[in-house]
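Note that the UniProt record's numbering gives residue 394 to position 394 of the sequence shown, counting from 1, and the numbers run on in steps of one. All residues carry an ideal CB built from backbone N, CA and C; glycine is no exception. Here is the structure we will look at, set down as structure tokens.
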Amino acid sequence: MGDLWNLSASDNAIRLELICKVHGLEYAEDYFESIPQYLKTFQVYGALLNCFVDKRLVEKAETLVKEMNKFGLVDSSLTYNALMNLYTHTGQSEKLDLLLEDMRAKRIRPNLFTYCLRLNACVLVLDIEGMERILKRMEKEPHIVVNWVSYASVANGYIKAGFVDKAGAMLKKAEATLANGVVARGRRNAYNYLLTLYASIGLKTEVYRIWELVRSLSGKLQNSSYICMISSLVKIGDIEGAEKVLGEWDSSCVNYDFRVPMPLLSFYCKNGLVGKAEEFVNGALERQRVPSPNVWHILAGGYLQNNHILMAVEAMKKALKAHQPGWLPDWCTVTAILEYFEGHGDLERIEEFIGLLRPVASLTREVYHTLFRMYIASGKPVLSLIERMKEDNVDPSEETRAIVDGKTLRVL
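Encoded structure:
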């Protein structure tokens, strides 16, 4: 900290935010306190405020803003935007209009981001009247250019509230703004989102019309566009159309991504068509494609729905072997497999399955209860199982104690 006085305000602000990210909030607060008051500019206060907002610390943020007010540092929309973001994410949307009133009283002009935050907060709680009021105010403000994101957000609010016609009209407004200087990549991302919104209100013709706009843009179609189109067609029940789009992608893709066929595979497996999903996966395997864990997981669910339990077991084992950081299996599928093993008294296979499961997901008390019952039924000592339970930090319950016999009760 010896060079503290030689740093610019922006340097101090950047350092403060980095300290918060690397060492934690407490160290960032200590650093802030070590800065002489005359060096605590709006940038430095703003950096600490952003830390409080990221941590959802309302009281600390409000106290800091009061201090900023005392030193005359609240003279732009940035501080209010930070508070709006904080209140939205902490369920205190009733405070947002008070902030806007305070801005008007201080003659601080809201910017587009200010209004978007307020608009999205209305959508979040389905305050349709408030949403419409904010949009009208935005459209009247001479310094605000309402973008497609704002209109799409309002359309989303109408969709959630069941106002289909109003949603459609707002989507048209969103499209109209895209023609005004939005670069091709930006339009592609926008069209992808609009596709999904049109699908949400069942407008098949509009979905295909937007898809043609996507296809007309310069550059190669991205996997993200195919995902949006296929999922949209599945949503409106146009499975034949979704299969056609998938076939187009499958025949021309360079970067094979199993997220693209996932909406269709999921539909097949949930609607008794697991054979079609299996056929697609087998075709991909023949071309040396490596399915993601989610693909095997969805297949396992489809097999279960069709009472093909052993096939479900094999698919789930493949999912567990292919697991990636952050991926977790669905416990309904796992439970169904464990119940099958227990019902058939197959201790060897359940141990193999749990051996694959353990590195991927934390074993629950119910998993151990299944093992206890199977150990006891087969006459196998449970002491080693108790040790495994302790290693996994799974505490026994009264049910656990009821399952094991009196000799092992004292160990638990």
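| Check | Outcome |
| --- | --- |
| Residues in the same chain with beta-carbon distance under 8 angstroms from C116, minus the five sequence neighbours each way, listed in chain order, please. | V149, S150 and S153 |
| By the 10 Å Cβ neighbour count, where 16 or more other Cβ atoms means buried, how is R107 classified, buried or exposed? | exposed |
| Return the chain-ordered list of same chain residues with a C-beta closer than 6 angstroms to the C-beta of M138, the five sequence neighbours on each side being excluded. | Y115, I144 and V146 |
| Does DSSP put L328 in a helix, in a strand, or in coil? | coil |
| In three-state DSSP terms, what is Y158? | helix |
| Give me the residue from A361, T400 and D346 with the minimum Cα distance to A377. | D346 |
| What residues in its chain sit with their C-beta under 7 angstroms from that of P110, if we drop five residues either side in the sequence? | S77, L100 and M103 |
| Helix, strand or coil for A322? Go by DSSP, reduced to three states. | coil |
| When the distance is taken between beta carbons, is L73 closer than 8 angstroms to I61? | The sequence shown places Ala at residue 61, rather than the Ile named in the question. Contact flag unset, no. |
| Within 10 angstroms of its Cβ, does A312 collect 16 or more other Cβ (buried), or is it exposed? | buried |
| From this set, Q324, A121 and F71, which residue's C-alpha is nearest N81's C-alpha? | A121 |
| What are the complete alpha helix (DSSP H) segments, minimum 4 residues, inside the stretch 34-116? | 42-54, 58-70, 77-89 and 96-105 |
| For A47, which residues in the same chain have their Cβ closer than 7 angstroms to its Cβ, ignoring the five residues on either side in sequence? | A13, L16 and E17 |
| Check D392 in the structure and name its three-state DSSP category. | coil |
| How big is the Cα-Cα spacing for A174 and M389? | 56 angstroms |
| Is it right to say S232 is buried, meaning 16 or more other beta carbons lie within 10 angstroms of its own, or is it exposed? | buried |
| Given 7 angstroms as the limit, tell me if A284 has its C-beta closer than that to any heavy atom belonging to the ligand SAM. | Among the components modelled here there is no ligand, and therefore nothing to report on the ligand SAM. |
| Please name the residue, chosen from R365, K220, L385 and T196, that lies closest to E398 on a Cα-to-Cα basis. | R365 |
| Label Y27 either buried or exposed according to how many other C-beta atoms from any shown protein chain fall within 10 Å of its C-beta, with 16 as the threshold for buried. | exposed |
| Is it buried or exposed for H23, if we count other Cβ within 10 angstroms and need 16 for buried? | exposed |
| Roughly how many angstroms separate the alpha carbons of E387 and V367, rounded to a whole number? | 14 angstroms |
| With DSSP run on the structure shown, which of helix, strand or coil describes A179? | coil |
| Check this for me: beta carbons of I210 and L221, under 8 angstroms apart or not? | no |
| Name the two residues that bound the continuous alpha helix (DSSP H) containing F372. | R365 to A377 |
| Grouping DSSP H, G and I as helix and E and B as strand, with all else coil, what is R410? | Low local confidence applies: a pLDDT of 41 at R410 is under 50, so the model's placement there is unreliable, with the coordinate-based value given in what follows. Of the three classes helix, strand and coil, the one that applies to R410 here is coil, per DSSP. |
| What first and last residue would you give for the alpha helix (DSSP H) that runs through E17? | A9 to H23 |
| Pop quiz: N271 and N223 are said to be a contact at Cβ under 8 angstroms. What is the actual Cβ separation, rounded to whole angstroms? | About 24 angstroms separates the two Cβ atoms, so there is no contact after all. |
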